[in-house]
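Residue numbers (mature numbering (1 follows the signal peptide of the UniProt record, and there is no 0)): -18 to -1, 1 to 232.
Scroll down for the structure; my scribbles are underneath it.
What follows is the structure, given as structure tokens:
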């Protein structure tokens, strides 16, 4: 009996020590608020056609280099073609450094945005890359606002699209919002969801801001098939942004 009691006490102490270790990993300021992530994004700003574009992100929190990020992913697209963006997974080189490479087969102006999720926080700075002669984008720039959902200058939205969504099971949706590189807090966010085979019925889902600039909601799909989700964002002034995404439910 004493041996069992001693074993239980030991297990309890190990669990308590593990919990303390996790708490210590979250850096907070003197008021107890988690310190923000700082991400220094560096890219090759000028390169020849087919030349290697090096992408590096140094992630820190306070004076600590972050080696345990949940996600560091580089999103790349050509000017005026945000809907055709692709993502490049990074390599964790330790000391807070995450790297990746890409290249392009034609002249153009390209955007690189790194999406960093770590310790319950998210940030996504952006840089530009000129390939070859840079290309001509006058028409694309004129239609850029409409093409990218009319986003206001400085506003960024990153929808973390779930995988393997199944009918009858709860799915969690998360979107990160930023304004001028900082978490966009206390926004009015709603998800509008509908089945493409039944476009007259739209469900509206309210969200919670669990972390600064991170908005989460759960939804259970009643049917399989192609669906659409539109994210609506408002503030208490004149901001009204939205993005639409196609999703497949199995």
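For every residue, glycine included, the Cβ atom is placed at its ideal position computed from N, Cα and C.
Using a 10 Å radius around the Cβ and a threshold of 16 neighbouring Cβ atoms, would you call residue i buried or exposed?
| i | result |
| --- | --- |
| residue 228 | exposed |
| residue 55 | buried |
| residue 151 | exposed |
| residue 134 | exposed |
| residue 177 | buried |
| residue 92 | buried |
| residue 127 | With a pLDDT of 41 at residue 127, under the threshold of 50, the modelled position of this residue cannot be trusted; read the value that follows with caution. Exposed. |
| residue 158 | buried |
| residue 105 | buried |
| residue 219 | exposed |
| residue 203 | buried |
Terminal residues of the continuous beta strand (DSSP E) containing residue i?
| i | result |
| --- | --- |
| residue 207 | 207 to 216 |
| residue 152 | 152 to 161 |
| residue 177 | 170 to 177 |
| residue 139 | 137 to 142 |
| residue 224 | 222 to 231 |
| residue 35 | 35 to 43 |
| residue 22 | 19 to 25 |
| residue 247 | Outside the shown range of the chain (-18 to 232) lies residue 247, about which nothing can therefore be said. |
| residue 100 | 90 to 100 |
| residue 68 | 68 to 71 |
| residue 185 | 184 to 188 |
| residue 57 | 53 to 60 |
| residue 108 | 108 to 113 |
| residue 119 | Looking at the DSSP string, residue 119 is not in any beta strand (DSSP E), and its letter there is neither H nor E. |
| residue 83 | 79 to 84 |
Beta-carbon separation of residue i and residue j under 7 Å?
| i | j | result |
| --- | --- | --- |
| residue 40 | residue 51 | no |
| residue 109 | residue 23 | yes |
| residue 96 | residue 35 | no |
| residue 89 | residue 114 | yes |
| residue 245 | residue 161 | Outside the displayed range of the chain (-18 to 232) lies residue 245, so it cannot be described from this structure. |
Rounded to whole angstroms, what is the Cα-Cα separation between residue i and residue j?
| i | j | result |
| --- | --- | --- |
| residue 43 | residue 85 | 30 Å |
| residue 182 | residue 171 | 22 Å |
| residue 168 | residue 191 | 7 Å |
| residue 211 | residue 222 | 16 Å |
| residue 98 | residue 38 | 12 Å |
| residue 165 | residue 107 | 11 Å |
| residue 6 | residue 59 | In this prediction, residue 6 has a pLDDT of 40, which is less than 50 and means its spatial position is unreliable; nothing more can be read from the coordinates. |
| residue 174 | residue 139 | 16 Å |
| residue 201 | residue 28 | 44 Å |
| residue 230 | residue 100 | 27 Å |
| residue 75 | residue 21 | 15 Å |
| residue 234 | residue 31 | A question about residue 234 goes unanswered here, because the residues of the chain that appear run from -18 up to 232. |
| residue 185 | residue 25 | 41 Å |
| residue 199 | residue 49 | 28 Å |
| residue 149 | residue 63 | 32 Å |
| residue 188 | residue 196 | 13 Å |
| residue -3 | residue 206 | Since pLDDT at residue -3 reaches only 47, below the 50 mark, its modelled position is unreliable, and the value read off the structure follows with that caveat. Whole-angstrom Cα-Cα distance: 44 Å. |
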